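Q: Heads up: the sequence shown is residues 296 to 579, going by the working numbering.
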Amino acid sequence: MARITASVYTSHVPAIGAAMDLGKDHEPYWQKVFSGYEFSRQWMNENKPDVVFLVYNDHANAFSLDIIPTFAIGTAAEFPIADEGWGPRPVPKVVGHPELASHIAQSVIQDDFDLTIVNRMDVDHGLTVPLSLMCGKLDPVKDAWPCPVIPFAVNVVQYPVPSGRRCFKLGRAIRKAVESYDEDLKVQIWGTGGMSHQLQGPRAGLINAEWDNRFLDRLIKEPEELAKTPHIEYVREAGSEGIELVMWLIARGAMSDHPPRVRHRFFHVPASNTAVGHLILENT
Ligand code: DHB
Ligand code: FE
């Protein structure tokens, strides 16, 4: 039986990827951000999963405004790195896990969640920056990511976006799907994006560290209650792009009902326009 061993939560700021790609990660500004991931890289080495189920959002790179799936599961064998306007990031291509992804699609769709099945998809900073943060700098050709990755894209860009409650329940359906897969696989689920940030309009630059830290506390201790937060509160308190945080509830919903072990917690302001939050929770 496959099982979810741990969940990882992290912001996905594109400038973090650029800082790594351009070798600026030791500069004082960036060093403060990357210091929060030193433990995580060691933890990844020591707790290597067989598959990462990576919940993220596409930023109009794979999906344009022509077609906007609310939840899209990547079932391909490989996912090329998206060109976001300045060439694809120099990181290894993402290798998928079509068998487990198809099984999860089958189980979750039969459990009444409408997933879009995606057999071809470029992956943008929403997916590659969390991988880089957790795995370190890798050669795009000579190296590979430590394991296959199933990309799971959530629409948090174009309204209407899914509620936190639905995301939490979807996480539970994903857990059930993983636990009904026949092979002994250790699966990590990652929830990415956030924390507070607003990239547009009169409130551009908004950061709300107090709200973010309370979100982290509640994500650990009372996720089901937290999931009831209406989307307007995310927008009001955490900025228009703070809504990315509903994706963390998918990962949290996929964890066991027992309290998790908090292996790592980090919060830092700012990276680019964003408050960086990061958690590693292990199933006990
Ligand atoms: C920034 C953050 C994001 O989540 C994003 O998708 C783009 C930019 C930023 O902080 O600059
Ligand atoms: Fe984003």
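The C-beta atom is built at its ideal place from N, Cα and C for all residues, glycine as well.
Model, not experiment: these values are computed from the prediction.
Among the residues of its own chain, which have a CB less than 8 angstroms from the CB of ALA549, if the five just before and after it don't count?
A: Correct list, in chain order: ILE299, SER302, PHE348, GLY466, ARG467, ILE469, ARG470, VAL473 and ILE484.
Q: Starting from LYS464, trace the alpha helix (DSSP H) in both directions and tell me its first and last residue.
A: 459-474
Q: Does any heavy atom of the ligand DHB sit closer than 6 angstroms to the C-beta of PRO309?
A: yes
Q: Measuring CA to CA, which of PRO435, CYS430, VAL436 and VAL451 is closest to CYS442?
A: CYS430
Q: Who does GLY391 pair with in a DSSP beta bridge?
A: According to DSSP, which records beta bridges pairwise, GLY391 is partnered with nothing at all.
Q: Please report how far the alpha carbon of PHE408 lies from the alpha carbon of ALA367, in whole angstroms.
A: 11 angstroms
Q: Classify ILE575 as helix, strand or coil using the three-state DSSP reduction.
A: strand
Q: Considering Cα atoms alone, identify which of TRP381, ARG461, GLU394 and ARG384 is closest to ASN414.
A: GLU394
Q: Report yes or no: do three or more beta-carbon pairs, one from the stretch 315-332 and one from the stretch 561-577, lie closer than 8 angstroms?
A: yes
Q: Alpha carbon to alpha carbon, what distance is there between TRP381 and GLN493?
A: Those two C-alpha atoms are separated by around 22 angstroms.
Q: Confirm the yes/no value for this check: CB of THR588, any heavy atom of the ligand DHB, distance under 6 angstroms.
A: A question about residue 588 goes unanswered here, because the residues of the chain that appear run from 296 up to 579.
Q: Just to check, is the beta-carbon of HIS392 closer than 6 angstroms to a non-hydrogen atom of the ligand DHB?
A: no
Q: Express the C-alpha separation of LEU540 and ASN508 in angstroms, rounding to a whole number.
A: 12 angstroms
Q: Under DSSP, the alpha helix (DSSP H) around VAL424 begins and ends at which residues?
A: 420-430
Q: Looking at the secondary structure, which residues open and close the beta strand (DSSP E) in which LYS481 lies?
A: 481-487
Q: Tell me the rounded alpha-carbon separation between ALA297 and TYR476.
A: Going from the Cα of ALA297 to the Cα of TYR476 covers about 6 angstroms.
Q: How is VAL530 classed by DSSP in three states: helix, strand or coil?
A: In the displayed model, VAL530 falls within a helix according to three-state DSSP.
Q: In the structure shown, what three-state DSSP assignment does HIS492 receive?
A: coil
Q: Take every Cβ of the stretch 390-404, pair it with every Cβ of the stretch 438-452, and state whether three or more of those distances are shorter than 8 angstroms.
A: yes
Q: What is the DSSP secondary structure of PRO565, counted as helix, strand or coil?
A: strand
Q: Take VAL452 and list the residues in its own chain whose beta-carbon comes closer than 6 angstroms to its own, dropping the five residues that flank it on each side.
A: none
Q: Provide the residue span of the alpha helix (DSSP H) that contains ALA415, from first to last.
A: One point to set straight first is that residue 415 is Arg, not Ala, in the sequence displayed. Careful: ARG415 lies outside any alpha helix (DSSP H) and carries neither H nor E.
Q: Using 10 angstroms around the beta-carbon of THR579, count the other beta-carbons present and answer buried if the total reaches 16, otherwise exposed.
A: exposed
Q: Taking SER306 as part of the beta strand (DSSP E), name the residues at either end of that continuous run.
A: That residue, SER306, is in no beta strand (DSSP E); it is neither H nor E in DSSP.
Q: Quick one: does the C-beta of HIS526 sit closer than 6 angstroms to a heavy atom of the ligand DHB?
A: no
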